[in-house]
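K.L.:
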Amino acid sequence: MAPSARPRYSGVSHPPSRPERFSAGRRAFLRRSGAVALAVAPVAAWAGAAACRSLSFVHTHTGETLDCVYYRGGYAPGQLARVNHFLRDFRTGEVHRIDPGVLDILFELKTRSGCDAPFHVISGYRSPRTNAMLRRRSTGVAAHSLHMRGQAIDVRLPTIPTKRLQELALALRRGGVGYYPKSDFVHLDTGRVRFW
Ligand SMILES: [Zn+2]
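Residue numbers for the sequence shown, in my numbering: 2 to 197.
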């Protein structure tokens with residue numbers, strides 16, 4: 002589906018406060034190239050096809066760190082369990098399965114950025130209770146956030162500008178990409194291809 006000039010936001014984690022963030026030039030470019038660019042990239046062009054995929058993280062709220070090789074010719078269940086725990090709802094301690102597709106997006110960004118530093122995690126899984134609490138505090142939290150399905154993560158890479166991380170993520174054409182310059186992070190998810 003080609004992106005429209007005004008992307009749709011249903012199901013996103015953070016409805017945009019400034020939906021017209023993109024310049025007219027970029028919107029025009031997306032309109033011209035959208036139909037082709039949004040086609041699924043060949044598997045070979047996707048670093049997620051790598052036989053061995055590793056990631057490292059620092060959690061900005063818990064201070065915990067994680068290094069994992071989550072894929073070795075197949076997803077490694079024990080490593081995914083470590084990821085699930087690491088990305089738990091840190092407010093309630095609830096653990097939820099994290100979509101491995103989220104990890105593949107991060108791995109691709111790591112590869113394309115040439116940056117081997119750990120991802121700084123702002124938010125992973127959010128329980129319905131936590132999401133409801135955050136919604137009461139902020140207008141920027143969606144009722145049906147993909148964080149509640151383990152399909153979303155908020156991150157930054159401290160060694161590259163977060164704007165650059167957003168550009169790399171948009172170029173992937175995989176899932177949703179939200180840019181939050183004030184809080185300095187990018188939201189990534191495995192939902193529909195869209196941006197805000
Ligand atoms: Zn998010």
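In this text, a Cβ means the ideal position worked out from N, Cα and C, and glycines have one as well. Keep in mind the model is a prediction, meaning the values are calculated, not measured.
Report the rounded CA-to-CA distance for residue 188 versus residue 133, giving the unit in angstroms.
P.N.:
Working through the sequence shown from its first residue, we reach residue 188 at position 187. Working through the sequence shown from its first residue, we reach residue 133 at position 132. Those two C-alpha atoms are separated by around 18 Å.
K.L.:
For ligand 3, any of its heavy atoms closer than 7 Å to the Cβ of residue 141?
P.N.:
This structure simply doesn't include ligand 3; it includes ligand 1 instead.
K.L.:
In the DSSP output, which residue or residues are listed as bridge partners for residue 178?
P.N.:
Counting from one through the sequence shown, the residue named residue 178 turns up at place 177. BP columns for residue 178 point to 189, 196.
K.L.:
Helix, strand or coil, according to DSSP, for residue 66 in the structure here?
P.N.:
Residue 66 sits at position 65 when you count from the first residue of the sequence shown. The answer is strand: DSSP assigns residue 66 an E or B state.
K.L.:
Please state whether the Cβ-Cβ distance between residue 108 and residue 56 is less than 8 Å.
P.N.:
Residue numbering aside, residue 108 sits at position 107 when the sequence shown is read from its first letter. Residue numbering aside, residue 56 sits at position 55 when the sequence shown is read from its first letter. Yes, these two residues count as a Cβ contact at 8 Å.
K.L.:
Is residue 101 buried or exposed, if buried means 16 or more other CB atoms sit within 10 Å of its CB?
P.N.:
Taking the first residue of the sequence shown as 1, we reach residue 101 at position 100. When all chains shown are included, residue 101 counts as buried.
K.L.:
Should residue 153 be counted as a contact of ligand 1 given a C-beta to heavy atom distance under 7 Å?
P.N.:
Taking the sequence shown and counting its residues from 1, one reaches residue 153 at position 152. Because some heavy atom of ligand 1 lies under 7 Å away, the Cβ of residue 153 counts as near it: yes.
K.L.:
Inspect the beta-carbon positions of residue 194 and residue 154 and report whether they are closer than 8 Å.
P.N.:
The residue given as residue 194 occupies position 193 in the sequence shown. The residue given as residue 154 occupies position 153 in the sequence shown. No, they are not a contact pair.
K.L.:
For ligand 1, I want to know if residue 124 counts as a neighbour, meaning its beta carbon is within less than 7 Å of at least one of the ligand's heavy atoms.
P.N.:
The residue given as residue 124 occupies position 123 in the sequence shown. Within the cutoff, so yes.
K.L.:
May I have the straight-line CA-CA distance separating residue 33 from residue 190, to the nearest angstrom?
P.N.:
Locating residue 33 in the sequence shown gives position 32, where the first residue counts as 1. Locating residue 190 in the sequence shown gives position 189, where the first residue counts as 1. Any answer about residue 33 is weak, because its pLDDT of 45 lies below 50 and its placement is not dependable; what the coordinates show is given next. The straight-line gap from Cα to Cα measures roughly 24 Å.
K.L.:
Residue 106 by DSSP, collapsed to three states: which one?
P.N.:
Numbered from 1 along the sequence shown, position 105 holds the residue referred to as residue 106. It is helical.
K.L.:
When we look at the beta-carbon of residue 119 and count the other beta-carbons within 10 Å, is it buried (16 or more) or exposed?
P.N.:
Here the question's residue 119 lines up with position 118 in the sequence shown. Residue 119 should be labelled buried.
K.L.:
Report the partner residues of residue 120 according to the DSSP bridge assignment.
P.N.:
As a first step, residue 120 must be located in the sequence shown, where it is residue number 119. For residue 120, which the question treats as bridged, DSSP gives the partners 58.
K.L.:
Is the separation between the beta-carbon of residue 70 and that of residue 86 shorter than 8 Å?
P.N.:
Counting from 1 along the sequence shown, the entry for residue 70 is found at position 69. Counting from 1 along the sequence shown, the entry for residue 86 is found at position 85. Not in contact: residue 70 and residue 86 (Cβ atoms no closer than 8 Å).
K.L.:
By alpha-carbon positions, which one of 50, 159, 173, 180 ends up nearest to residue 117?
P.N.:
As a first step, residue 117 is located in the sequence shown; it is residue number 116 there, counting from the start. Checked all of 50, 159, 173, 180; the closest Cα to residue 117 is 159.
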